[in-house]
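> Every letter in the sequence shown is one number past the one before it in full-length UniProt numbering, and letter 585, counting from 1, is 585.
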Amino acid sequence: MSKAFDRIRWDFLEHVLLLYGFPSHWVHLIMQCVTTVSYSVLVNGSYTSFFHPSQGLRQGDPLSPYLFVLCVDILSSMISSAKAQGLIEGIKASRLGPSITHLLFADDSFLFLKVTDSGISTIHSILNSYCQLSGQLVNLQKSSIFISPNSPPSLYSSISSSIHIPFSPSFGKYLGVNLDLTSKRKEIFQEIINKIDDKCQGWVSLLLNKAGRLSLLKYILTSMLVFHMSNLKFPVYVTKKISSILSNFLWSGAANKKSYHWKKWDSLCLSNSDGGLGVKDLQLFNQALLAKQSWRILDQPTCLFSSFFLSKYCNSTPFLESKAPSSCSWSWKSILYGKDALIKGIRWQVGNGVKISIWNDFWLPSPIPFALKECLSDNAPLSSFLSLRNATVDKLLLPEKKEWNGQLVSSLFPSDIASLILSIPLSQFGFEDRFIWGFTKNGDFSVSSAYSLLLAIKSHHNHSTSPNLVHSFWPNLTWNFIWSLPIPHKIQFFLWQLSHECLPVGDLLVRRGWQGTSVCTLCKHHSESLVHLFLLCDFVRPIWFGSDLGILIPSTPNHSISFWLGWLHNMGHIMSLHSRSFFSKISCTLWCIWLARNKAVFESIFPSPSQVLTHANHLTQSINQAFTSLKPSRNHSTTSVPFFGKLSPGTSNPSHPEMHTFHVTPCLCNCDDPVLDIFCAHAFNMQRNKCGVGITFRVQSRTVGSIFRSSSSPKDCASILPLIEAVSWALHRNMLHIHIYTNDSSLFYQLRSIKEIPAIAAPLFFDFCFLVQSVHFCSLSLCDLSRLHQAYFLAKFAASSRIHSEVDTSYPFDTG
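Structure (structure tokens):
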């Protein structure tokens, strides 16, 4: 569409909003936001007088994209209606697959149809009608038609005469990605390589240091590949070529300039906490991005994207067991490449257990997924095992109670595995088995966790895992400590090089074949090694001793620079100094020594030790001032609880101003319904690995009941357990107007967004939502713990004992 936002007619927009059922007063407010805009044009540096437009949506207005999507949906409905009436016929990728007639993204439209004279005239009529209604206009210059090669030539002339849109020999590009992957695949990837190479060449003139180039490499150059890698599997030679370009750019400042590469690329791809630089391993990153597409098919099998591929390639086999036929598309091969990564991290979550094999599937909530086929207890009854050899998990449940059969589970499996199984919470109201991603808390797939998993597997296979500690001699100094120091990034990168002993000093350069001398430029006597340059040189020792640190370096140490960095770090702990501040001074001193050495080597300028010491002190002071100014002031920090749901009048209580409330259900109750106040608390006993639930019930400030009981459910389930017990208790007594009080703010986040719910607790949240559908009104309020002292007492008691109790009483409950 040409100038899509600017051409939307306001009367059309208003009719669309009313058509979708929005209230008239709300539509009036939206139209006031749209129609009251005014513009002024800047001409030769001067503003003209303001004028008011008569149509269009404002560019940059956060409301405009949503309004535009509603308008474009009318076009989608018109095309779908024509398809339903048989006026046009879409395109199928397979006989059983969905028929696709159009795909819409923002102001771009893809139309797919079987070419017939009637179909062409119908789609042309639909576009003209939509443009007349909405004010839109088809951009003929940017539009094109692609016809399959086996179409008769007569179609070209008939289509061209009726639509006046030029033909295209291929699909071309969309959002930078070439849509035609049937041929010239090498040219497509070579274009991507050239784009990365050009970007590296363009930044040479900026004369960035290595730390700056590292930032550009991690956050700019790698990001350029994300969209392509999310859709296509890159051949190995392409990822190696791009990695070579990036490596050259990091170490030499140019993609084609030769330079010493002081560390292997695989070492740089390790995370910062493992001694690397956090640079992406492109092959693994590509697979992790494609695994997200595979997860989409697994998690949403009925969406258009999933049904398109599943109907074509997975008619007779499940998606997780499918393989790539020789004739399949590059897109499907890419998805299956991502599936290989997905299989390494998914597991089943138990709902009703009917889909999960006891022995062959991964379904235990363990940090690393594993199957139970080799975990049978030595004392397990043979008859029980044989009867369950091909059974599903539902056979481990009690038939009628929807609870684990503790006796059967304990007899089949070792005690640790049996305890793990019995701790899995079960739904009482039909939560179904589902796949979850085992490396995120909420069970949703994430590219970052998948990449970390693949990187860990690769490191394990290559036996090249880097320990968290830089060297065994200095266990207190981790890699994370270096990257968290309050110093500039360039000094952090310098420390990383020094820790890895990969700075270009004379001794290391000669080992790599450099033809120059390795004699120290500062003292002219000894070979320039890292230990000599930073610790033993006659030029350097006075700097350490004369500094505020007052460090006297022994003249004949026999340890590496890594040992001495650890020794200096430990000295801060021994002298009871602030560790980060102390080591920041050491870092600045090391950096100034390095700068002085470089001046002597490259500029023949030889500063005195006192000048270096003055520079180090000034640099430390400047850095401390800069980082202190960046810290937020405590006087301006606030703590707030997010509001969601509908806030009701009377929510704020003068006697409890800290309370926040939201409505779980709309108010459907009568004024005469009794109001039940429920006070919920939970506690977790780490020694017994049990959570306790405590609940008190009040009507008109009079306690009418209480519950306390323990559960073996995981800690992440503790917050929702009292709510389920409370609503069940109220429903059993036909109390349908309830107010729930809790001090757990995490419940507000979790009930607001499904993304916040821990995967292990999802069946219990499902049960709670099922139960509250039966009440007339339910609200949840966040209050202070002092209002929950009775319920909290019960919860702590339940967590430390094995007693369960449920009490109905007309008298106030007294805890003591």
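Where a beta carbon is used, it is the ideal one built from N, C-alpha and C, also for glycine.
1) Can you have a look at Val-16 and say buried or exposed, based on whether 16 or more other CB atoms are within 10 angstroms of its CB?
2) Checking the sheet assignment: what are the DSSP bridge partners for Ala-681?
3) In whole angstroms, what is the alpha-carbon distance linking Leu-137 and Gly-338?
4) Output needed for Pro-369: all residues of its chain with C-beta closer than 6 Å, excluding positions within five of it in sequence on either side, in chain order.
5) Return helix, strand or coil for Phe-167, following the three-state DSSP convention.
6) CB Ser-334 to CB Gln-293, shorter than 9 Å?
7) May I ask which residues mark the beginning and end of the beta strand (DSSP E) holding Thr-742?
8) Looking at the structure shown, is Phe-309 part of a helix, part of a strand, or coil, going by DSSP?
9) Can you name the residues that DSSP bridges to Lys-173?
10) Give, in chain order, every unbroken run of the alpha helix (DSSP H) that is at least 4 residues long and sits entirely within the region 467–548.
11) In the DSSP output, what is Tyr-47 paired with across the bridge?
12) Just how far apart, CA to CA, sit Ser-655 and Gln-790?
13) Tell me the start and end of each unbroken alpha helix (DSSP H) in the region 327–356 that is at least 4 residues and wholly inside, in chain order.
14) Just to confirm my understanding: we take Phe-534, look at its own chain, exclude 5 residues before and 5 after, and list those with CB closer than 7 Å. What are they?
15) Are the beta-carbon atoms of Asn-442 and Pro-722 separated by less than 9 Å?
16) Using beta-carbon positions only, say whether Cys-717 and Ile-754 come within less than 9 Å of one another.
17) In chain order, what are the residue ranges of uninterrupted beta strand (DSSP E) at least 3 long that sit wholly in the region 101–168?
18) Could you pull the DSSP bridge partners for Cys-778 from this structure?
19) Just the C-alpha distance for Arg-698 and Thr-36, rounded to the nearest angstrom, thanks.
20) Round the Cβ separation of Leu-250 and Leu-217 to the nearest angstrom and send it over; I've been treating them as touching at under 8 Å.
21) Just how far apart, CA to CA, sit Val-236 and Gln-611?
22) Looking only at its own chain, which residues have a Cβ that is under 7 Å from the Cβ of Asp-444, when we skip the five neighbours before and after it?
23) Grouping DSSP H, G and I as helix and E and B as strand, with all else coil, what is Glu-658?
24) For the ligand NAD, I want to know if Phe-793 counts as a neighbour, meaning its beta carbon is within less than 8 Å of at least one of the ligand's heavy atoms.
25) Run the CB neighbour count on Gly-345, radius 10 Å, all protein chains shown included, and call it buried at 16 or more, exposed below.
26) Mapping DSSP to helix, strand and coil, what is Arg-733?
27) Using 8 Å for Cβ pairs, my map puts Val-775 next to Val-727. What's the rounded Cβ distance?
28) Helix, strand or coil for Ile-358? Go by DSSP, reduced to three states.
29) Who are the Cβ neighbours of Asp-767 in its own chain at under 6 Å, not counting the five residues just before and after it?
30) What are the boundary residues of the beta strand (DSSP E) that includes Trp-437?
31) Return the first residue and the last residue of the alpha helix (DSSP H) that Cys-769 is part of.
32) Do the region 271–287 and the region 58–69 touch if we need at least three Cβ pairs shorter than 8 Å?
33) Between the region 736–749 and the region 775–784, do at least 3 Cβ pairs fall closer than 8 Å?
34) Along the chain, which unbroken stretches of the alpha helix (DSSP H) at least 4 residues long are found entirely within the region 387–450?
35) What residue does the alpha helix (DSSP H) around Pro-369 start on, and which one ends it?
36) Mapping DSSP to helix, strand and coil, what is residue 820?
With the structure as the only source:
1) Its Cβ being crowded by 16 or more others within 10 Å, Val-16 is buried.
2) Gly-694
3) Going by the C-alpha atoms only, they are around 40 Å apart.
4) Arg-347, Phe-362, Gly-438
5) strand
6) It is a contact, given that the beta carbons lie within the stated cut-off.
7) 737–742
8) helix
9) Asn-178
10) 479–483, 489–499, 506–511, 541–546
11) Leu-42
12) Bear in mind that the predicted position of Ser-655 carries a pLDDT of just 37, short of 50, making it unreliable; the figure below should be weighed with that in mind. For Ser-655 and Gln-790, the distance between alpha carbons rounds to 19 Å.
13) 330–343
14) For Phe-534, where only same-chain residues beyond five positions count, the Cβ hits under 7 Å are Val-540, Ile-561, Leu-590, Ile-593.
15) no
16) no
17) 102–105, 108–111
18) According to DSSP, which records beta bridges pairwise, Cys-778 is partnered with Ile-738.
19) 53 Å
20) Between Leu-250 and Leu-217 a beta carbon distance of about 6 Å is seen, short of the 8 Å cut, so the two are scored as contacting.
21) 52 Å
22) Trp-437, Lys-755
23) Reliability of the predicted coordinates at Glu-658 is poor, the pLDDT of 39 falling under 50, and no value is obtained from them.
24) Absent from the structure shown: the ligand NAD. Ligands present: none.
25) So Gly-345 counts as buried.
26) Note: Arg-733 maps to coil in three-state DSSP.
27) 7 Å
28) coil
29) Ser-427, Gln-428, Phe-429, Ile-724
30) 434–437
31) 762–772
32) no
33) yes
34) 406–412, 415–422
35) Here Pro-369 belongs to no alpha helix (DSSP H), and DSSP marks it neither H nor E.
36) Residue coverage of the chain in this structure runs from 1 to 816, which leaves residue 820 outside it and unanswerable.
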